[in-house]
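Protein chains: 2
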Amino acid sequence: MSGPAHLISAVEKRLGPKAVITDAADIEPWLTDWRGRFHGAAGAILAPASTQEVAEIVHLAAENRVPLVPQGGNTGMVGGAIPPGDGTAILLSMRRMNRIRSLDADSRVAVVEAGVILQTLHDAAHEAGLRFPLTLGARGSCTVGGLASTNAGGTQVLKFGTMRGLIAGIEAVLPDGSVHDGLSAIKKDNRGYSIDQLLIGAEGTLGVITAVAVRLVPAVASRAVAWVGVDRPQDALSLLRFLEGRTQSVEGFELVADDALRLVLKHIPGTRAPLEGSCRWQVLVEATTTEAGHDISAELEQLLGDALANGLIGDAVIASSEAQAEAFWRIRDSISEAERAEGQTLAHDISVPVDAMPDFLVHASAEVERAFPGAVASGFGHLGDGNIHFHVRAGSRSAADWYEREGPAITRFVDDLVSAAGGSISAEHGIGQMKVGELARLATPARLHALRAIKQALDPLGIMNPGKLVP
Amino acid sequence: MSGPAHLISAVEKRLGPKAVITDAADIEPWLTDWRGRFHGAAGAILAPASTQEVAEIVHLAAENRVPLVPQGGNTGMVGGAIPPGDGTAILLSMRRMNRIRSLDADSRVAVVEAGVILQTLHDAAHEAGLRFPLTLGARGSCTVGGLASTNAGGTQVLKFGTMRGLIAGIEAVLPDGSVHDGLSAIKKDNRGYSIDQLLIGAEGTLGVITAVAVRLVPAVASRAVAWVGVDRPQDALSLLRFLEGRTQSVEGFELVADDALRLVLKHIPGTRAPLEGSCRWQVLVEATTTEAGHDISAELEQLLGDALANGLIGDAVIASSEAQAEAFWRIRDSISEAERAEGQTLAHDISVPVDAMPDFLVHASAEVERAFPGAVASGFGHLGDGNIHFHVRAGSRSAADWYEREGPAITRFVDDLVSAAGGSISAEHGIGQMKVGELARLATPARLHALRAIKQALDPLGIMNPGKLVP
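Below, the structure is given as structure tokens:
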């Protein structure tokens, strides 16, 4: 028997048939990422139901020298949860570990297993009169373990930070099968290097996160969502600074190019433009309050009125109902899907210093379109975090093999611009397999050495998600 | 020439005499920690003025296989910045690297060198209309590099988190002399394992932090400071939960045993008891607002009035002036100094889950006093973080050699209680040399293995602060 076959049989013997999926039809949907860019092969999906079962699987994997590829909701953007194509690795699905172990309203901490879906955590916090603030488009299928392993961001980072800032503790099975238990819900712990922090964003290459203690925040009493038209990205940033100087209520600030809005209107049924006129750029602004008596809509209306009077913005509309607020957010959350429907898109999840982003966006778009005439470059997303999804569509260069033929050169071109601006080629999506080559090309020797040394130290057998993250 | 002598001479040749202090009288004050518990020896203090000079020193240290012990303000509690007693290591003072490189009010980020004193950073932020919220008793001499290297906490963690949560980026010289530059002020960066997070709290064992980008927050418009008397620690926690359910303004919540207050009144000139009656336990509560129009004193008075009416607290007084507020804080900040004046004290910086701390404090004190009759056990500090400084004084067991003779047994006794409660033997002070034995005794095999593997991977020559943190 081959190594993988041997591991599958050993796990089935030890944990029973429920923990092993071998039917090709059941495996197949999990071998391709949702964007359809990465395809892998695996003889089985192992599906443990407890931390102990994960530890047994990792022990057996180490014994048999068979790599494991941890996977949550398979909503990743960089192929980090897709196994290699040669069938040498086995998928480790965390979806059966889906219990909320505890939720303490006093200490505002929930301990949830890796396979809990984000929306489920949102609902549980809401029922307790609290809130887990991190959210993103894939909330209905992405898992907490995946969010932690990729240090996910999303649309509320401006106020609440990325996953890293919302995690109070991590439980994980390390590559030698030992269990790291960082869940004890102590708020301060300086017992040496933070293993928790090392595992956050490690994309499963240093172990398998099995449970996460997350911090909850007070529930939102009400929110106001506005759609604002501006001439240039710089005006959007000026609006953000204007608002930040006057209120601490703004927690969402998403830039949307007019081009992106038009794609959504074209491809996503039931969407309509929030503003009547046309603006080159638009911003979704969300303000929230935790105080029942606070009229947040009136506050945001007043602030945007002042911004309009000051000539900072061109137009604005505040959602008049929760349904309209949802409709505004749906536009924002559907951009990737609309782009996919439109055709081939090269996605770049990048960041530069916040103040530098407006100019970067304008100049980088122009430079890409000059270097690759006919291509269409644009960006959308988290302007207040300095994090834009800088996407390049084939445009008039469209061809069946455009992505494969021109993609690498365009991406190198974009990544060089990002690096020259002191930015990051991965702001919130991670490295996965998609960016590992670019990381090797662009990281400093100090960073490359550190990444490789840490990987080698903690996973000397190379059984945890090989080929991902570490060049 | 010996290794250290060779290194000193090589550094002097390369960087000039300003970078090398060899006069014994100038070195001596930096060889003992402020509590007087740890004494070291070093043939010189190396004092680089730039990151480049640090890199050259680390290169030379690696070449000569001579360990370096980084040091900031020498205000540490666990001997982490004191060199070994055998003279094999050299002190690396970061105090000449004391520039604030930038402070951007728009992005609310300051880039400060490791040797900048905390108070200097406070002042600079204040001048820009902003605030760096982390603060602690040693603010006039501790340095930002030391705060980052120890993941310091302090009195405002309840609202703003520890140093880890306030750091936007780290610049450091790694053990091979390469420079890790994480200062670019990008807010989101998922390019692999976070080297920044690994260096935070590493106590100089993985490299030398040379500069830190810190997040600033809006300035405080006004604050209210109250001194509250309660019967039991559990009542103090109930008060905290009561306040948290009604306001988001509370940022300081410090428990003070009556015993500690009496020591301060006895040893610290100019202090007086805030409350007239006597309470077994007392709490310093600080509430702040960033809004100029908000009467925070009235809000806190109302809330404490309600708490009094509900029987949650015994008595309370709100500081009627900024001077009185400072006087309340001075009591809290002088406890360690008063204890030192009183005689021998065994300090334990511990944490357990917040809700468990009141019972833990009461029971652990009783158990220590039962096991070591005559000793006096008590605790003070950050109840809202589940972090208490659990101190044991010699009491009637006092003897010249009490600390050496009984200290280890008492500390093991306390640490066992902490471990049984799922807590941490180092909440905010770090491991240093003081706790390295207890960490070896109590850490899980998974944690010990990870700490050692990481240290070995990044500092294979063992030249960075040997004997500290890693058992």
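Protein chains in written order, with our numbering: chain A, 3 to 473; chain B, 3 to 473. Glycine included, each C-beta is placed from N, C-alpha and C at the ideal position.
Note down the Cα distance separating residue i from residue j, rounded to an integer number of angstroms.
i, j, result
"I197/B", "G171/B", "10 angstroms"
"Q458/B", "A448/B", "15 angstroms"
"I337/A", "R264/A", "10 angstroms"
"G167/B", "N153/B", "9 angstroms"
"G534/A", "E65/A", "What the structure shows of chain A is the stretch from 3 to 473, and residue 534/A is not part of that stretch, so it cannot be assessed."
"G439/A", "K470/A", "10 angstroms"
"K15/A", "A7/A", "12 angstroms"
"L120/A", "V370/B", "45 angstroms"
"G81/B", "I92/B", "15 angstroms"
"P462/A", "L62/A", "15 angstroms"
"D387/B", "L314/B", "20 angstroms"
"L70/B", "F162/B", "32 angstroms"
"I476/B", "F374/B", "Absent from the model: residue 476/B. The displayed extent of chain B is 3 to 473, so no value can be given."
"D351/B", "G139/B", "15 angstroms"
"N192/A", "I211/B", "17 angstroms"
"G376/A", "G209/A", "44 angstroms"
"L105/B", "C144/B", "20 angstroms"
"G254/B", "S353/B", "17 angstroms"
"M436/A", "L33/A", "15 angstroms"
"L176/A", "H182/A", "7 angstroms"
"Q199/B", "Q199/A", "6 angstroms"
How would you list, in chain order, the residues of chain B whose beta-carbon sits under 8 angstroms from the beta-carbon of residue i?
i, result
"A422/A", "The premise fails here: A422/A is roughly 12 angstroms from chain B at the closest Cβ pair, so nothing lies under 8 angstroms."
Quick one: list the residues of chain B neighbouring residue i, beta-carbon separation under 9 angstroms, in chain order.
i, result
"L138/A", "By Cβ distance, chain B contributes nothing, its closest Cβ being about 13 angstroms from L138/A, past 9 angstroms."
"G388/A", "S109, A187, I188, K189, K190"
"D361/A", "Those within 9 angstroms of D361/A in chain B number zero; the least Cβ separation is about 14 angstroms."
"G147/A", "Within chain B, no residue comes near G147/A; the closest Cβ sits about 16 angstroms away, beyond 9 angstroms."
"S218/A", "In the sequence on display, residue 218/A carries Leu and not Ser. Within chain B, no residue comes near L218/A; the closest Cβ sits about 12 angstroms away, beyond 9 angstroms."
List the residues of chain B whose Cβ lies closer than 7 angstroms to the Cβ of residue i, in chain order.
i, result
"N153/A", "N192"
"H365/A", "Here the premise fails: no neighbours, minimum Cβ distance about 17 angstroms."
"T164/A", "K190"
Residue i touches chain A at which residues, Cβ-Cβ below 7 angstroms?
i, result
"S196/B", "Q199, G203"
"R243/B", "D108"
"G167/B", "G167"
Please name the residue, chosen from the options, that lies closest to residue i on a Cα-to-Cα basis.
i, options, result
"A27/B", "W36/B, L17/B, A12/B, A43/B", "A43/B"
"L286/B", "G307/B, Q304/B, A300/B, V319/B", "V319/B"
"P50/B", "I29/B, M99/B, A368/B", "M99/B"
"A275/A", "F330/A, P235/A, P19/A, F244/A", "F330/A"
"R39/B", "L17/B, L48/B, A83/B", "A83/B"
"V272/A", "A325/A, G383/A, R414/A, G254/A", "Strictly speaking, residue 272/A in this sequence is Gly, with Val absent from that position. Nearest of A325/A, G383/A, R414/A, G254/A to G272/A, Cα basis: A325/A."
"A228/A", "V56/A, L267/A, E288/A, R282/A", "E288/A"
"D357/A", "A262/B, E430/B, K190/B, D108/B", "D108/B"
"N389/A", "V219/A, M359/A, P468/A", "M359/A"
"R248/A", "G247/B, L239/B, A221/B", "A221/B"
"T53/B", "R103/B, S11/B, P86/B", "R103/B"
"T137/B", "G131/B, L419/B, T164/B", "T164/B"
The beta strand (DSSP E) spanning residue i covers which residue range?
i, result
"A174/A", "169-175"
"E115/A", "111-115"
"R225/A", "224-232"
"L496/B", "It is not possible to answer for residue 496/B, since the shown part of chain B is limited to 3 through 473."
Residue range of the alpha helix (DSSP H) that residue i falls in?
i, result
"Q121/B", "120-129"
"L94/A", "Counting along the chain, L94/A falls outside any alpha helix (DSSP H), though it belongs to the beta strand (DSSP E) covering 92-95."
"H8/A", "5-17"
"P235/B", "235-246"
"P447/B", "447-460"
"E58/B", "53-66"
"V146/B", "146-151"
"I29/A", "26-29"
Going along chain A in order, which residues have a C-beta closer than 9 angstroms to the C-beta of residue i?
i, result
"D417/B", "Within 9 angstroms Cβ-Cβ: nothing; D417/B doesn't reach chain A, min ~11 angstroms."
Which chain A residues sit within Cβ distance under 8 angstroms of residue i?
i, result
"R449/B", "H182, R193, G194, I197"
"D357/B", "D106, D108, S109"
"I172/B", "In chain order: nothing, as chain A lies at least about 12 angstroms away."
"H431/B", "N192"
task = Any chance you could list the beta strand (DSSP E) runs of at least 3 consecutive residues sitting entirely within the segment 279-348 of chain B, in chain order?
result = List check, beta strand (DSSP E) in window: 283-291, 317-320.
request  = Taking only runs that begin and end inside the segment 390-428 of chain A, name each unbroken alpha helix (DSSP H) of 4 or more residues, in chain order.
outcome  = Entirely contained in the segment 390-428 of chain A, the alpha helix (DSSP H) runs reaching 4 residues are, in chain order, 404-422.
ask   = Considering only residues of the segment 344-385 of chain A, which uninterrupted alpha helix (DSSP H) runs meet the minimum length of 4 residues and lie entirely inside it, listed in chain order?
value = 359-373
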